[in-house]
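Residue numbers (the working numbering): 1 to 338.
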């Protein structure tokens with residue numbers, strides 16, 4: 001068995017929250033990986049920090065796997081790693097990563113089980129209001145969150161140039177307002193509840209590092225055949241704004257929070273031209289998650305934006321080099337049970 005797969009399954013099968021020092025070390029390592037990404041595909045910002053754009057438009061053409069919102073779905077991530085790719089000699093995604101034969105981009109939203117955990121959130125909220133930040137329900141939620149977090153950190157550490165995780169609107173462990181973030185709440189006060197659990201169980205040092213990790217995540221990935229972000233781009237941005245995203249919180253917000261109907265008309269096509277050039281933009285598409293879809297996908301912006309996040313399905317998009325992406329055939333399910 002692949003040694004990384006063994007480590008992933010060990011994390012998955014632990015059924016316990018990580019120890020403080022172990023998590024601290026893992027997140028610190030994750031921060032270091034993002035701080036030292038190769039400038040050949042992640043251009044530096046003017047501050048010399050890692051920029052917000054992953055640019056593979058001039059890189060070797062490889063199959064690309066785009067993973068929609070995970071929302072603490074550890075099963076989904078493990079099934080993805082074990083999924084055989086027809087476009088890579090039927091190697092699993094993990095084996096293809098090991099051989100440098102594929103790129104994987106997750107669109108973000110690692111945290112919060114959302115609708116799948118609705119009843120658990122409501123029960124945890126009752127206990128939270130009574131002053132219990134670490135109820136059994138909240139502990140169960142955080143076990144899923146932190147198990148997946150550890151799995152993502154491990155794969156990124158082992159394959160930093162081929163596995164990438166973009167920032168979504170749920171990457172806000174500090175539950176802050178600003179820097180492109182809004183506090184998150186849907187069924188309860190999920191953002192505040194997670195923050196208070198982490199502060200109570202792990203303390204400030206772990207929270208600080210998790211905040212650093214989230215703010216170091218890129219917000220956009222560009223390839224010859226497509227561009228990937230968490231959400232539909234709200235506005236039109238310059239390439240410099242994508243790279244220097246830390247100075248432009250409106251760019252972070254506009255790539256992570258945009259709801260259906262909020263984006264400027266033509267924002268996708270204009271941003272495609274900015275990032276890919278006029279000729280490539282003619283056939284390229286923009287892939288995103290964020291807003292749930294029914295079935296395999298939803299089209300917006302005259303078909304140039306393809307949304308692929310179905311929380312009821314373990315599905316991904318597979319974009320091949322030099323081939324026009326077709327959502328009807330290129331959005332596939334990775335779970336054998338579906």
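No residue lacks a Cβ here, since even glycine has one placed at the ideal position from N, Cα and C.
Just so we're clear, the structure is a prediction, and the values are computed from it rather than from any experiment.
Leaving aside the five residues before and after residue 263 along the sequence, list all residues of the same chain whose C-beta is less than 6 Å from its C-beta, in chain order. 232 and 234
With a threshold of 7 Å on Cβ separation, who are the neighbours of residue 185 within its own chain once the five nearest residues in sequence on each side are excluded? 191
Following the continuous beta strand (DSSP E) through residue 189, name the residue where it begins and the one where it ends. Segment: none, residue 189 is in no beta strand (DSSP E) and carries neither H nor E.
DSSP on residue 34, reduced to helix/strand/coil? helix
Report all residues from its chain with a CB closer than 8 Å to the CB of residue 206; omit the five preceding and five following residues, and keep chain order. 20, 23, 24, 27 and 198
Are residue 243 and residue 51 closer than 8 Å when you measure CB to CB? yes
Taking the alpha carbon of residue 405 as the reference point, which residue from 105, 299, 289 and 178 has its own alpha carbon closest? Residue 405 falls outside the range modelled here, since the chain spans only 1 to 338, and no answer is possible.
For the stretch 200-219 against the stretch 155-174, are there 3 or more C-beta pairs whose distance is under 8 Å? yes
Looking at residue 78 and the ligand ZN, is the gap between the Cβ and the nearest heavy atom below 7 Å? Judged by which ligands are present, the structure shown has none, so any question about the ligand ZN falls away.
Name the DSSP bridge partner or partners of residue 106? 67 and 165
Whole-angstrom Cβ separation of residue 162 and residue 103, contact assumed at under 8 Å? 5 Å
Residue environment, residue 108, which counts as buried when at least 16 other CB atoms sit within 10 Å: buried
Local Cβ density within 10 Å of residue 18, reported as buried at 16 or more and exposed below that: buried
So within the stretch 253-281, which uninterrupted beta strand (DSSP E) runs reach at least 3 residues, ignoring any that extend past its ends? none
Nonlocal neighbours in the same chain, by C-beta distance under 6 Å from residue 248, ignoring five residues either side: 241
Assigned secondary structure, residue 11 (DSSP; H/G/I helix, E/B strand, else coil): helix
Please state the DSSP three-state secondary structure of residue 178. strand
On the CB-based measure, 16 or more other CB atoms within 10 Å of its CB, does residue 118 come out buried or exposed? exposed
Based on Cα-Cα distance, which residue from 32, 78, 215 and 213 lies nearest to residue 334? 78
Span of the beta strand (DSSP E) around residue 300: 298-300
Opening and closing residue of the alpha helix (DSSP H) in which residue 155 lies: 136-158
Residues in its own chain within less than 6 Å of residue 155 by CB, not counting five upstream and five downstream? 163
Is residue 284 helix, strand or coil when you go by DSSP? coil
Range covered by the beta strand (DSSP E) that runs through residue 316: 315-319
To the nearest angstrom, report how far apart residue 267 and residue 129 are at their CA atoms. 42 Å
Given residue 124, which residues of its chain have a CB within under 6 Å of its CB, disregarding the five upstream and five downstream residues? 135, 137 and 138
Would the beta-carbon of residue 151 fall within 8 Å of that of residue 11? yes
Report the three-state DSSP secondary structure of residue 373 (helix, strand or coil). Residue 373 falls outside the range modelled here, since the chain spans only 1 to 338, and no answer is possible.
Going by DSSP in three states, residue 94 sits in which element: helix, strand or coil? helix
Tell whether a beta-carbon distance below 8 Å holds between residue 316 and residue 33. no
How far does the alpha helix (DSSP H) with residue 241 in it reach, from first residue to last? 239-243
Residue 324 (DSSP reduced to helix, strand or coil): coil
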